[in-house]
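A.B. asks: The opening position of the sequence shown corresponds to residue 24 in the numbering used here, with each subsequent residue numbered one higher. For every residue, glycine included, the Cβ atom is placed at its ideal position computed from N, Cα and C. After the structure tokens below, expect a handful of questions from me.
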Amino acid sequence: MRGAALAVCLTIGATAAFADITGARYADPTRRYDHGILGDEVEYGTLVISTTKGRVRLKLPQTRVFEDTEPRLADVDGDGAPEVVVVETDMARGARLSVYDEDGLVAATPYIGQTHRWLAPVGAGDLDGDGRVEIAYVETPHLAKILKVVRLVDGRLEPVARKSGLTNHRYGEPAIHGGVYRCGGRMVMVTADAHWNHAMATELVKGRLVSRELGPYRGPASLGAPAGCS
24 MRGAALAVCL
34 TIGATAAFAD
44 ITGARYADPT
54 RRYDHGILGD
64 EVEYGTLVIS
74 TTKGRVRLKL
84 PQTRVFEDTE
94 PRLADVDGDG
104 APEVVVVETD
114 MARGARLSVY
124 DEDGLVAATP
134 YIGQTHRWLA
144 PVGAGDLDGD
154 GRVEIAYVET
164 PHLAKILKVV
174 RLVDGRLEPV
184 ARKSGLTNHR
194 YGEPAIHGGV
204 YRCGGRMVMV
214 TADAHWNHAM
224 ATELVKGRLV
234 SRELGPYRGP
244 ASLGAPAGCS
């Protein structure tokens with residue numbers, strides 16, 4: 024997986040071996056993809072990763088973009104140092120959830136399968152308390168509205184659980200709402216229901232996603248941390 028990922032990167036900046044990631048941002052704005060899911064036609068062609076030893080630039084081929092609000096840092100492999108979680112889109116095959124480090128692609132979900140299909144990350148953490156880190160995202164938040172949870176296993180993002188009828192983004196809005204919050208000893212994923220009538224809290228319990236209503240949806244603030252959570 025790692026070698027194949029590096030082959031599709033057009034340029035990679037100075038190496039940062041044995042360095043920890045301290046930040047990430049997108050660069051090289053582009054209009055080469057006409058989806059406009061986040062309210063404009065500007066996406067990004069490059070991921071810039073800052074490390075304790077410098078910066079690394081990961082440049083996508085012309086057939087792909089980062090179709091995202093911002094990169095997210097999360098310790099996906101459980102080694103105590105963060106990786107970078109992004110939404111990466113192929114113009115013909117739609118979006119995938121990708122995890123990068125300073126050396127390139129670590130792992131990714133399959134592309135959704137057709138152009139103009141997108142996903143919106145919810146967050147990452149040890150969602151079921153078993154000591155392993157999971158990543159949650161909503162696949163096609165305006166269409167199928169499926170909350171999916173994946174976990175890095177042997178260099179692959181393996182499916183853990185899924186549940187329909189949940190979303191965290193409205194077409195054309197510049198922000199992704201909701202997130203993953205710690206509620207005492209539990210991790211809770213907060214989204215809206217499919218019709219944006221209620222804020223929903225979802226937990227990963229014994230391999231299943233279990234949801235409950237938090238209250239009426241009255242705006243983005245309804246998808247913040249529930250009472251007693253952070």
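Would you check if there are 3 or more beta carbon pairs closer than 8 Å linking the region 174–183 to the region 194–202?
C.D. replies: no
A.B. asks: If contacts are defined as beta-carbon pairs under 8 Å, then Tyr-67 and Val-88 qualify, I think. What distance do you get, rounded to the angstrom?
C.D. replies: 6 Å
A.B. asks: For Thr-45, which of Pro-84, Glu-125, Gly-101, Thr-53 has the nearest alpha-carbon?
C.D. replies: Selected option, being the one with the closest Cα: Glu-125.
A.B. asks: Could you tell me the distance, in whole angstroms, from the CA atom of Tyr-49 to the CA atom of Val-71?
C.D. replies: Near 6 Å, if we compare the C-alpha coordinates of Val-71 and Tyr-49.
A.B. asks: In terms of residue numbering, what span does the beta strand (DSSP E) encompassing Ala-104 cover?
C.D. replies: Careful: Ala-104 lies outside any beta strand (DSSP E) and carries neither H nor E.
A.B. asks: Where does Asn-220 land, buried or exposed, given buried means 16+ other C-beta within 10 angstroms?
C.D. replies: With fewer than 16 Cβ atoms within 10 Å of its Cβ, Asn-220 is classed as exposed.
A.B. asks: Tell me the DSSP secondary structure of Pro-239 in three-state form.
C.D. replies: DSSP places Pro-239 in the strand class (E or B) of the three-state scheme.
A.B. asks: Count the C-beta pairs between the region 72–87 and the region 135–144 that are closer than 8 Å, then say yes if the count reaches three, no if not.
C.D. replies: Because the criterion of three Cβ pairs below 8 Å is not met, the region 72–87 and the region 135–144 do not touch.
A.B. asks: Going by beta-carbon coordinates alone, are Ala-224 and Pro-249 separated by less than 8 Å?
C.D. replies: yes
A.B. asks: Does Ala-159 come out as helix, strand or coil in the three-state DSSP assignment?
C.D. replies: It is a strand residue.
A.B. asks: Ala-130 to Val-107, Cα distance in whole Å?
C.D. replies: 11 Å
A.B. asks: For Val-172, list the residues DSSP reports as bridge partners.
C.D. replies: Ala-159, Ala-184
A.B. asks: At a cut-off of 7 Å, is Glu-236 close to the ligand ZN when judged by its beta-carbon and the heavy atoms of the ligand?
C.D. replies: Summarising the ligand content, the structure contains no ligands, and the ligand ZN is consequently not present.
A.B. asks: What does the alpha-carbon distance come out to for the pair Ala-143 and Thr-53?
C.D. replies: Cα to Cα, Ala-143 sits roughly 20 Å from Thr-53.
A.B. asks: Pull up the distance between the alpha-carbon of Ala-148 and that of Arg-55, whole angstroms please.
C.D. replies: The amino acid occupying residue 148 in the given sequence is Gly; Ala does not appear at that position. Taking the CA atoms as reference points, Gly-148 sits about 33 Å from Arg-55.
A.B. asks: Cutting at 7 Å between CB atoms, please list the residues of its own chain near Val-31, excluding the five before and the five after it.
C.D. replies: Here Val-31 scores only 32 on pLDDT, less than 50, and its place in the model should not be relied on; the value that follows carries that caveat. Answer for Val-31: Pro-84, listed in chain order.
A.B. asks: Excluding the 5 residues preceding and the 5 following Arg-174 in the sequence, name in chain order all residues of the same chain whose CB lies nearer than 8 Å to its CB.
C.D. replies: Apart from sequence neighbours up to five positions away, the residues of its chain that approach Arg-174 with a beta-carbon distance below 8 Å are Arg-155, Val-156, Glu-157, Ile-158, Leu-180, Glu-181, Val-183, ordered along the chain.
A.B. asks: If you follow the beta strand (DSSP E) that Gly-148 is part of, which residue opens it and which one closes it?
C.D. replies: 142–148
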